[in-house]
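Peer 1:
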Amino acid sequence: MLDILSAGTAGSAPGWTGFLPIVGMIAIFWFLIIRPQMRQQKEHKAKIASVKKGDQVVTAGGIVGKVVKVDDDYAEVDIAQGVRVKVIKQTIGDVVPPGGKPAND
Numbered sequence: 003m004l005d006i007l008s009a010g011t012a013g014s015a016p017g018w019t020g021f022l023p024i025v026g027m028i029a030i031f032w033f034l035i036i037r038p039q040m041r042q043q044k045e046h047k048a049k050i051a052s053v054k055k056g057d058q059v060v061t062a063g064g065i066v067g068k069v070v071k072v073d074d075d076y077a078e079v080d081i082a083q084g085v086r087v088k089v090i091k092q093t094i095g096d097v098v099p100p101g102g103k104p105a106n107d
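Counting from 3, one number per residue, gives the positions in the sequence shown under the working numbering.
What follows is the structure, given as structure tokens:
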């Protein structure tokens, strides 16, 4: 009788194996979602830090303009002749390369 009980418990899997699917899902989320998003944020910060006078930018709101003045936190953008707006640098969505045009044009 004792051999039957011990044989039943010896064939069962350890308790920690129930966590393996959860660990696997976390690893999949890390490599497919979190890590690429962190890389994009890092590239965006580098792009924003390199904004200089004369660059053509697109804001997060879709406004296209030319940078006239850059501070630590703000940038003045000329969006039309004689119309300048002061934007927070973090709201700049993209820097348009010279000679290029924004994606929505």
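The beta carbon of each residue, even a glycine, is placed where N, CA and C say it ideally should be.
#1: So Val-97 and Val-66 are supposed to be a Cβ contact under 8 Å. How far apart are they, rounded?
#2: Short of 8 Å in beta carbon distance, which residues of its chain neighbour Tyr-76, apart from the five on each side in sequence? Order them along the chain.
#3: Compute the Euclidean distance between the alpha carbons of Phe-31 and Arg-86, then round it to the nearest angstrom.
#4: Measuring straight from C-alpha to C-alpha, what distance separates Glu-78 and Ala-62?
#5: In terms of alpha-carbon separation, which member of Phe-33, Asp-74, Lys-68 lies closest to Gly-84?
Peer 2: In short, the structure shows the following:
#1: Contact flag wrong, Cβ pair sits at about 11 Å.
#2: Lys-88, Val-89, Ile-90, Lys-91
#3: 43 Å
#4: 15 Å
#5: Lys-68
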